[in-house]
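Notes to accompany the following structure.
Protein chains: 2
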Amino acid sequence: MARTIGSNGARTAEAIRQAGVTLIYRHGYEAMSLRQLAAEVGLQSGSLYKYFDNKQSLLFDIVREHMADLLAKAEADLAGIDDPMARLKAFSAFHLRYHMQRMAHVFIANMEIRSLDDDHRAMVVGLRRRYENLLEDTLRAGAQAGVFRIAEPKVATYAIISMLTGICMWYRPGGRLSQDQLVDIYTGLVVDGVTGPQGLTAAAERHRALA
Amino acid sequence: MARTIGSNGARTAEAIRQAGVTLIYRHGYEAMSLRQLAAEVGLQSGSLYKYFDNKQSLLFDIVREHMADLLAKAEADLAGIDDPMARLKAFSAFHLRYHMQRMAHVFIANMEIRSLDDDHRAMVVGLRRRYENLLEDTLRAGAQAGVFRIAEPKVATYAIISMLTGICMWYRPGGRLSQDQLVDIYTGLVVDGVTGPQGLTAAAERHRALA
DNA sequence: TCAGGAAACAATCAAGCGTTCTTTTTTATT
DNA sequence: AATAAAAAAGAACGCTTGATTGTTTCCTGA
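Chains as they are written, first to last, in my numbering: chain E, 5 to 215; chain S, 5 to 215.
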């Protein structure tokens, strides 16, 4: 046999992509063999090369597409929100929801960066930097307005993102807490962490009074 | 040639362990070949089997020893500290310092858990759970005393540990900020996050008044 | 001093890897 | 109905991998 009945290029390409995400998530990129991937899709390993140039480019496609999607959706979600506190909450909520819904993609993008060769890695890191800047800029703006008290916006950015991203280390759908509840809890931790023990500072009170 | 001059079993074993940590940190467990490891130590690949049963047990040894060390040192550090706030700060400081000093070990223990087979993984996860409980118990005690305002101690535990552990994703020795400064910044975020916007609650005030 | 154990080499194995190439079958176009 | 293009099979490739074995050399303690 050769071409199987009902076969379709676009459908197969999507199946390969999905199976790739699942297998890399479960076993890691290095540990996933192309024969394993092919079997998952119902193909011979050689046939995969109609859909990507090599194993590396499959990983890159998956990671880059995910990062681009994450960045685009975040920018769309924050568009039009100017108030730093509102932006912070929106970012936190978006990040959490996205990570709960696409755990496998997120996990791969975070874990397998080192498996990318230099050029590809640089591209992905660039996208990640742009994403982080969405938060960092918000933190700086809030600090300047006196709404946040943050000694080191860069450090706070890394800290917050690490905390939020950590949710996909343990979250499982159907658990005791709903996604909404988790968003509330995490966002509360974030907001309290950046507003400090006294809540709004004097500068923020002034800023408020003017508004 | 066979046995090289000045060779010593204990020294070689330690060299293998160290090289293993370095290579797994850099390339990942699956991507590290035993020939690569042997070359790093100055051995033939076959000689490695005098020091471990197989590749898997090398990884397990590294991870388990790290987790046991982390847990023991943390327990020692917190021993004698009863006040929840003091314990929280001590835990945070310990965790950060440990992670800044042994980034490679930490990274491996977090990333390569999935490369362990089921029994080994279960053992490591058990140790991790015990470590997490150090923090969770502290959070619960503090919440009960009214010093912390925490809706979900379990979630807060995961969130805090993720945030703190995240430091080894970007920290590099010799950077702009010293370890002490970073400990201050991160611990501040943690403390503010668990005390809430109003600082101490009414219950905490009562608790304080009694002391 | 000289045996016995420790340490390492050297060669080898089967299995699996990513990849390429050719062939066959199905689908779409005219 | 004829033909071209698309989709996949299947065989083969050179290599590397983790693992094993037998042998040689060195070290050390009685």
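Glycine included, every Cβ here is placed at the ideal spot set by N, Cα and C.
Residue-chain proximity (Asp196/E, chain S), Cβ-Cβ < 7 Å: Residue contact check for Asp196/E against chain S: a CB pair falls below 7 Å.
Any C-beta of chain S under 7 Å from that of Leu131/E: In terms of beta-carbon proximity, Leu131/E stays away from the interface with chain S, with every pair separated by 7 Å or more.
Rounded C-alpha distance that separates His2/S from Trp174/S: Limits of chain S in this structure are 5 at one end and 215 at the other, which puts residue 2/S out of reach.
Contact with chain E by Leu193/S, beta-carbon distance below 7 Å: Cβ-Cβ to chain E under 7 Å: yes for Leu193/S.
Buried or exposed by the 16-neighbour rule on C-beta atoms within 10 Å, applied to Arg91/E: Around the CB of Arg91/E, 16 or more other CB atoms lie within 10 Å, so the residue is classed as buried.
Near the ligand ZN: Gly146/S beta-carbon under 6 Å from a heavy atom: As far as ligands go, the structure on display features none, and thus does not contain the ligand ZN.
Proximal chain S residues relative to Val159/E, where beta-carbon distance stays under 8 Å: Ordered by position in chain S, the residues that pass the 8 Å Cβ test against Val159/E are Leu181, Leu186, Ile189 and Tyr190.
Neighbourhood of Ala208/S by C-beta, 8 Å cutoff - its chain only, sequence neighbours within 5 removed: The predicted position of Ala208/S is uncertain, since its pLDDT is 42 and thus under 50; no value can be drawn from it.
C-alpha gap between Gly32/S and Leu38/E, whole angstroms: Cα to Cα, the separation comes out at about 19 Å.
Whether Lys93/S touches Thr191/S by CB criterion (7 Å): Their beta carbons are under 7 Å apart, which means Lys93/S touches Thr191/S by this criterion.
CB contact check: Met167/S to chain E, cutoff 7 Å: Taking Cβ atoms only, chain E reaches closer than 7 Å to Met167/S, which makes this a yes.
Given 8 Å, three or more beta-carbon pairs between the region 180–197 of chain E and the region 157–165 of chain S: The region 180–197 of chain E is in contact with the region 157–165 of chain S.
DSSP state of Ser61/E mapped onto helix, strand, coil: Here Ser61/E sits in helix by DSSP.
Val198/S and Ile154/S closer than 7 Å at C-beta: When the beta-carbon positions are compared, Val198/S and Ile154/S come within less than 7 Å of each other.
Stretch pair the region 60–79 of chain S + the region 112–121 of chain S: three plus CB contacts closer than 8 Å: The region 60–79 of chain S vs the region 112–121 of chain S: in contact.
Alpha-carbon spacing of Leu139/S relative to Ala83/S, whole angstroms: Those two C-alpha atoms are separated by around 13 Å.
The alpha helix (DSSP H) enclosing Glu3/S, as first and last residue numbers: Because residue 3/S is not part of the residues shown, which for chain S are 5 to 215, the question remains open.
Residues of its chain near Ala239/S, where Cβ-Cβ distance is below 7 Å and the 5 sequence neighbours each way are ignored: Past the boundaries of the shown model lies residue 239/S; chain S is included only from 5 to 215, so the question cannot be answered.
Distance CB(Ile20/S)-CB(His103/S) smaller than 7 Å: At the C-beta level, Ile20/S and His103/S stay beyond 7 Å of one another.
Chain S contact for Gly200/E (CB, 7 Å cutoff): Residue contact check for Gly200/E against chain S: a CB pair falls below 7 Å.
Gly84/S in three-state terms, based on DSSP: DSSP, reduced to helix, strand and coil, places Gly84/S outside both helices and strands of the structure shown, so it counts as coil.
Residues in the region 27–59 of chain S having any Cβ partner in chain E nearer than 7 Å: For the region 27–59 of chain S, which is checked against every Cβ of chain E, the residues closer than 7 Å are Gly32, Glu34 and Ala35.
Outcome for Glu34/E when other beta-carbon atoms lying within 10 angstroms are tallied against a minimum of 16: Buried, by the Cβ-count rule.
Cutoff 7 Å: Gly84/S Cβ touching any chain E Cβ: No, its Cβ sits nowhere closer than 7 Å to a Cβ of chain E.
Contact list for Glu69/E against chain S, beta-carbon separation under 7 Å: Going along chain S, no residue has its Cβ under 7 Å from Glu69/E, so there is no contact; the nearest lies around 22 Å.
N- and C-terminal bounds of the alpha helix (DSSP H) containing Phe111/E: Per DSSP, the continuous alpha helix (DSSP H) segment holding Phe111/E begins and ends at Met107 to Met115.
Sub-7 Å separation of Tyr55/E and Ala17/E beta-carbons: Yes. Within cutoff.
Three-state class that DSSP yields for Gln148/S in the structure shown: DSSP places Gln148/S in helix when its eight states are reduced to three.
Boundaries (first-last residue) of the alpha helix (DSSP H) holding Gly197/S: Gln183 to Thr199 is the extent of the alpha helix (DSSP H) around Gly197/S.
Alpha-carbon spacing of Ser51/E relative to Ile28/E, whole angstroms: Each residue's alpha carbon lies about 19 Å from the other.
Beta-carbon contacts of Gly146/E that lie in its chain and below 6 Å, excluding the five residues immediately before and after: Excluding sequence neighbours, Gly146/E sits near Pro88 and Phe152.
Leu75/S vs Leu131/S beta-carbon contact at 7 Å: Going by C-beta atoms, Leu75/S is nearer than 7 Å to Leu131/S.
Contacts of Ala155/S in chain E (Cβ-Cβ under 7 Å): In chain order: Ile189.
For Val45/S, the nearest candidate out of Arg15/S, Asp121/S, Asp73/S and Lys59/S (CA to CA): With distances taken between Cα atoms, Val45/S lies closest to Arg15/S.
Interface residues of the region 117–128 of chain S facing chain E [CB-CB below 8 Å]: Residues of the region 117–128 of chain S with a C-beta atom less than 8 Å from some C-beta of chain E are Arg118 and Ser119, listed in chain order.
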